[in-house]
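For the sequence shown, our numbering gives the first residue as 3, with consecutive numbering after it. Each residue gets a CB set at the ideal place from its N, CA and C atoms; glycine is no exception. Note that the structure is predicted; figures quoted are calculated from it, not measured. Below: the structure, in structure tokens.
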Amino acid sequence: MRFASRVESLGGGSVTAWDIHNAGKDAQARGEDVIVLSVGDPDFSTSAPIIDAAVAALRSGDTHYTTVAGRLALRKAVAHQQTRRTGQVLDEDNVLIVAGTQNGLFSSCQCLFGPGDEVIVVEPAYLTYEATIGATGATMVRAAATADGLFRPDIAAIEKAVTSKTRGILIANPCNPTGVVLSPSELEGIADIARRHDLWVVSDEVYADLVFDGQFSSIAALPGMAERTVVVGSLSKSHAMTGWRIGWIIAPKELITHADNLALCSLYGIAGFIQEAALCGIAQTEEITREMREIYLKRCQVLCDHIDHAPGLKCLRPASGMFALVDVRETGLTAHEFAWGLFKAEGVSVLDASAFGPSASGYVRVAFTVGEDQLAEAGRRIVRYAISLTGQA
Ligand SMILES: Cc1ncc(COP(=O)(O)O)c(C=O)c1O
Numbered sequence: 003m004r005f006a007s008r009v010e011s012l013g014g015g016s017v018t019a020w021d022i023h024n025a026g027k028d029a030q031a032r033g034e035d036v037i038v039l040s041v042g043d044p045d046f047s048t049s050a051p052i053i054d055a056a057v058a059a060l061r062s063g064d065t066h067y068t069t070v071a072g073r074l075a076l077r078k079a080v081a082h083q084q085t086r087r088t089g090q091v092l093d094e095d096n097v098l099i100v101a102g103t104q105n106g107l108f109s110s111c112q113c114l115f116g117p118g119d120e121v122i123v124v125e126p127a128y129l130t131y132e133a134t135i136g137a138t139g140a141t142m143v144r145a146a147a148t149a150d151g152l153f154r155p156d157i158a159a160i161e162k163a164v165t166s167k168t169r170g171i172l173i174a175n176p177c178n179p180t181g182v183v184l185s186p187s188e189l190e191g192i193a194d195i196a197r198r199h200d201l202w203v204v205s206d207e208v209y210a211d212l213v214f215d216g217q218f219s220s221i222a223a224l225p226g227m228a229e230r231t232v233v234v235g236s237l238s239k240s241h242a243m244t245g246w247r248i249g250w251i252i253a254p255k256e257l258i259t260h261a262d263n264l265a266l267c268s269l270y271g272i273a274g275f276i277q278e279a280a281l282c283g284i285a286q287t288e289e290i291t292r293e294m295r296e297i298y299l300k301r302c303q304v305l306c307d308h309i310d311h312a313p314g315l316k317c318l319r320p321a322s323g324m325f326a327l328v329d330v331r332e333t334g335l336t337a338h339e340f341a342w343g344l345f346k347a348e349g350v351s352v353l354d355a356s357a358f359g360p361s362a363s364g365y366v367r368v369a370f371t372v373g374e375d376q377l378a379e380a381g382r383r384i385v386r387y388a389i390s391l392t393g394q395a
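Structure follows, in structure tokens:
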């Protein structure tokens, strides 16, 4: 049987990156003493009022087709939330409700890019970006972050990557896996390139509510950027709602019309009871996300404090999110060898961060998605493994 040539763009390295995570989950399912720190799925349950809103909607018969673009009240709430964050003038026609950030990225890229186009991605970058861009027929062009171990975007490298084929720049602000939150001058540097070369910017802001060090600003709020920026986000991380698959695209109205047409022939709308839950979640964003930030910051400190005592390891303390990068190069192992060695010796699964791009090779990504006690135990195991490698206490 023959498949479309497009399928070639859907596989690739990022798919095998999950092997260790799957091995960790399988071992856990067999009852083995494994601590899984390889995925960004919050361990908290979704808050009770949100669940109640979904259940009430289901019980009241909210089980039918919905409007493809999303319910008016939810689109208004998303627009209002973004206006509060950025000061942008927005209304419901700037918003499309989608099945999470990933679906929003996929849909917007389908509407913006095509065969022969190039899209610049600041790397290290989230694993799915390459296939998301590849599925449009465009090519992802990597602009490596600064090589000083801080993983800041290198504005000169982005500028250098621009060619006559470039149509857009895809950024994650804040970034997974680095936790980097873009500064006003970095945002202005990227915006300046986009304006001068007439490019789209796709801004993945799924971690925007989880910044614990510094201030989040959206590139869409900069002068001349609203008309060329697509902001994509969801409640997955900020509200522990990964499995609900609910998110949004915020963009110029014309793009929303195209994405709406795409949704009509793909998703055909998001379940009404999930939209009702999301509406309830957005109404409680302040309280929910304040608590999440406190918890993740504490967990980050617990884990990084342990790793700071591990010979040969350096922990990059993130400014946001639920991950830390750990530099393992001094152990003499590659990150792949370190991750599998740690898993086999100590039962802790972490990801080889080179899956996020070559500039993160030599680093592993550790998620704070288990409670403090388990994280402390994971930290002790990581230290023990590092000692076993280096022979130093
Ligand atoms: C940077 C980034 N973007 C998008 C996603 C996907 O988020 P969602 O669950 O909203 O599709 C993730 C999930 O880990 C992520 O880290």
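- In this structure, the alpha-carbon of G89 lies about 7 Å from that of A223.
- CA-to-CA, the gap between F345 and T68 works out to about 45 Å.
- The alpha-carbon of V143 is positioned some 47 Å away from that of G63.
- In this structure, V304 sits away from V366, with a CB-CB distance that is not shorter than 8 Å.
- Note on the segment 301–361: whole alpha helix (DSSP H) runs with a minimum of 4 residues are 337–348, in chain order.
- Looking at the DSSP output, T141 sits in a beta bridge with E120.
- Taking C-alpha positions only, H199 is separated from V350 by approximately 46 Å.
- Cβ-Cβ distances below 7 Å link G226 to R197 in the same chain, with the five nearest sequence neighbours on each side left out; the list follows chain order.
- Assignment of beta-bridge partners to A228 by DSSP yields no partner.
- If one requires a minimum length of 4 residues, the alpha helix (DSSP H) runs lying completely within the segment 23–72 are 50–61, in chain order.
- CA-to-CA, the gap between F275 and L60 works out to about 6 Å.
- When C-beta atoms of the segment 5–12 are compared with those of the segment 318–336, fewer than three pairs fall below 8 Å, so the two segments do not count as touching.
- The DSSP-derived three-state label of Y365 is strand.
- In this chain, the alpha helix (DSSP H) harbouring I276 covers G274 to A285.
- Measuring C-alpha to C-alpha distances from A140 to each of E34, R230 and S11 identifies S11 as the nearest.
- Sorting G33, V121, R32 and V38 by C-alpha distance to the C-alpha of D21 places V38 at the top.
- The segment 161–181 and the segment 123–142 touch, with three or more beta-carbon pairs separated by less than 8 Å.
- Only residues of its own chain outside the window of five on either side were considered, and among them V204, V232, V234, I251, A253, L257 and A261 have a CB closer than 8 Å to the CB of S110, listed in chain order.
- Listed in chain order, the alpha helix (DSSP H) elements of length 4 or more contained wholly in the segment 157–195 are 157–163.
- Distances from the CB of N178 to the heavy atoms of ligand 1 include at least one below 7 Å.
- Relative to the non-hydrogen atoms of ligand 1, the Cβ of D95 never comes closer than 7 Å to any of them.
- CA-to-CA, the gap between H311 and I389 works out to about 10 Å.
- Distances between the C-beta of T371 and the heavy atoms of ligand 1 are all 7 Å or more.
- Taking 8 Å as the upper bound for CB-CB distance, H23 and V41 are in contact here, some 5 Å apart.
- Excluding residues up to 5 positions away in sequence, T333 lie with their Cβ nearer than 6 Å to the Cβ of L391 in the same chain.
- The beta carbon of T134 sits closer than 6 Å to the beta carbons of L107, F108 and C111 from its chain, once the five residues preceding and following it are set aside; these are given in chain order.
- Around the beta-carbon of K162, fewer than 16 other beta-carbon atoms lie within 10 Å, marking it exposed.
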